[in-house]
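Here the structure is laid out as structure tokens; the discussion comes afterwards.
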Amino acid sequence: MVVKVGSALLVDSRTGRVNRTWLETLIEDLLSLRERGQQVILVSSGAIALGRRQLALAPGPLRLEESQAAAAVGQIRLAHAYKELLEGRAVTVAQVLLTLEDSERRRRYLNARATLETLLSLGALPVINENDTVATAEIRYGDNDRLAARVAQMSGADCLILLSDVDGLYSADPNKDPGARFIAEVHEITPEIEAMGGRSASDVGSGGMTTKLLAARIAVSAGCHMGIAAGHHHHPIRRIEQGARCTWFLPAATPVTARKQWIAGTLRPAGAVTIDGGALRALLDGRSLLPAGVIATRGQFERGDTVSVLTPDGAEIARGIVAYSDGDAVRIMGRKSAEIQGILGFRGRDELIHRDDLVLFTRGASHACL
Ligand code: GLU
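Using the working numbering, read the sequence shown as starting at 45 and increasing by one per residue.
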């Protein structure tokens with residue numbers, strides 16, 4: 045089980061300090077899960093919110109260097125709070141700070157996964173955050189919702205709970221529209237569901253409903269249930285078990301292979317290839333993408349990078365690991381595979397993206413993060 049807590053819950057907005065009484069009740073909930081034999085990982089925000097107060101930074105958006113500095117100051121306070129609370133209850137806490145590259149590069153992803161597995165098998169409770177001190181504007185998650193989903197995927201979790209300042213998904217913003225309907229269960233993330241993700245009113249955390257829906261997509265494709273629930277009450281996990289309001293995203297019936305989960309969850313594809321109608325039909329039939337069906341490329345990518353596959357009208361239909369760089373792809377696109385050697389001077393793969401390296405998205409579900 046992976047539980048993610050947002051800054052708005054953890055940090056008291058009046059004092060800028062850790063909301064300790066509340067945190068104790070969360071920790072008690074997590075420990076009861078462990079007593080039942082469940083393995084628990086906590087993804088905790090709060091570093092920047094805690095550090096900015098300590099450094100007396102002015103309210104409002106921070107410059108990158110300021111948030112990096114605030115995170116350095118805040119993370120140590122956060123870790124201290126967890127150490128005190130957990131070790132007081134005889135549980136060893138482990139701090140893991142991840143960067144975007146730890147999930148986007150396959151080797152680093154496998155490495156981080158092995159570390160988490162070892163920590164869990166040794167009985168520690170991993171507390172994870174983004175390594176905000178070294179994360180730069182381009183290379184960062186920026187929100188812990190997607191980070192938590194990648195952690196859930198990486199650790200093979202059955203369930204991810206995002207504790208937030210909202211109690212779930214509504215058909216419209218409940219603060220503005222009295223007719224907004226609460227959505228208790230989501231079986232498929234359709235364009236209608238995606239359209240429901242507005243921004244949250246919270247000014248402390250950085251993830252709104254949009255990032256939660258992106259997180260849900262990553263989680264469900266990994267066969268993991270995901271819940272969004274309000275976390276501000278004491279004992280927020282126990283409350284969910286007792287029936288408190290929570291939107292549940294149900295996992296795909298047959299989770300895709302671990303390699304495909306990783307491809308689907310990539311947060312920043314290196315580039316994109318646009319395909320024609322014939323190639324689209326081939327992909328929908330479960331076949332590979334051949335150079336012949338490609339009509340354009342976008343961005344710079346190398347062989348082995350993950351790229352988006354776009355239909356002629358720009359919708360993202362799939363993602364996959366590409367077998368040629370963007371330069372080579374441009375030269376062989378529209379051509380038969382038998383011609384590759386003559387054009388490039390070497391014999392590479394017949395496919396631009398092999399079907400084993402390709403994940404098709406369900407109809408219409410697009411990645412708003414691109
Ligand atoms: N990693 C950031 C922090 O610890 C928070 C990101 C978020 O709120 O989602 O301050």
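C-beta: ideal position from N, C-alpha, C; glycine also.
Query	Result
I'd like to know whether the C-beta atoms of M377 and T341 end up nearer to each other than 8 Å.	yes
CB A367 to CB I387, shorter than 8 Å?	no
Ignoring anything shorter than 4 residues or poking outside the stretch 113–137, list the alpha helix (DSSP H) runs there in chain order.	none
Assuming M270 is part of the beta strand (DSSP E), what are its boundary residues?	H269 to A274
Can M240 and S215 be called in contact, C-beta distance under 8 Å?	yes
Straight-line CA distance for A228 to R107?	38 Å
What residue from A224, A314, R97 and L258 has the CA that sits closest to P235's CA?	L258
Hey, is I85 close to ligand 1, as in C-beta under 7 Å from one of its heavy atoms?	no
Name, in chain order, the residues that DSSP records as bridge partners for N175.	BP columns for N175 are empty, so no partner.
Could you tell me the distance, in whole angstroms, from the CA atom of R121 to the CA atom of R379?	58 Å
Between which residues of its own chain and R391 is the CB-CB distance below 6 Å, once the five residues before and five after are set aside?	Q385
For D349, which residues in the same chain have their Cβ closer than 8 Å to its Cβ, ignoring the five residues on either side in sequence?	P313, A314, G315, I365 and V366
For V62, which residues from the same chain have a beta carbon less than 8 Å from its beta carbon, with the 5 sequence-adjacent residues on both sides left out?	L54, V55, D56, G90, L94, R121, L122 and A125
Please indicate yes or no: does the CB of G50 lie closer than 7 Å to some heavy atom of ligand 1?	yes
Sorted by chain position, which residues of the same chain lie with C-beta nearer than 6 Å to R225's C-beta, five sequence neighbours on each side aside?	S215
Which whole runs of the alpha helix (DSSP H) in the stretch 313–339 are 4 residues long or more, in chain order?	321–328
How about H47 and V195: are their beta carbons less than 8 Å apart?	Per the sequence shown, residue 47 should be read as Val rather than His. No, these two residues do not count as a Cβ contact at 8 Å.
Compute the distance between the beta-carbons of A260 and I233, then report whether it is under 8 Å.	yes
Let me know if T310 comes out buried or exposed under the rule of 16 or more other beta-carbons within 10 Å of its beta-carbon.	buried
Could you name the residues of the same chain whose beta carbon sits closer than 6 Å to that of I281, not counting the 5 residues immediately before and after it, in chain order?	D73
May I ask whether a heavy atom of ligand 1 can be found less than 7 Å away from the beta carbon of E145?	no
Measuring CB to CB, does G322 end up less than 8 Å from G337?	yes
Report whether the distance from the Cβ of I92 to the nearest heavy atom of ligand 1 is below 7 Å.	yes
For L67, count neighbouring Cβ atoms within 10 angstroms of its own Cβ and tell me buried if that reaches 16, exposed if not.	buried
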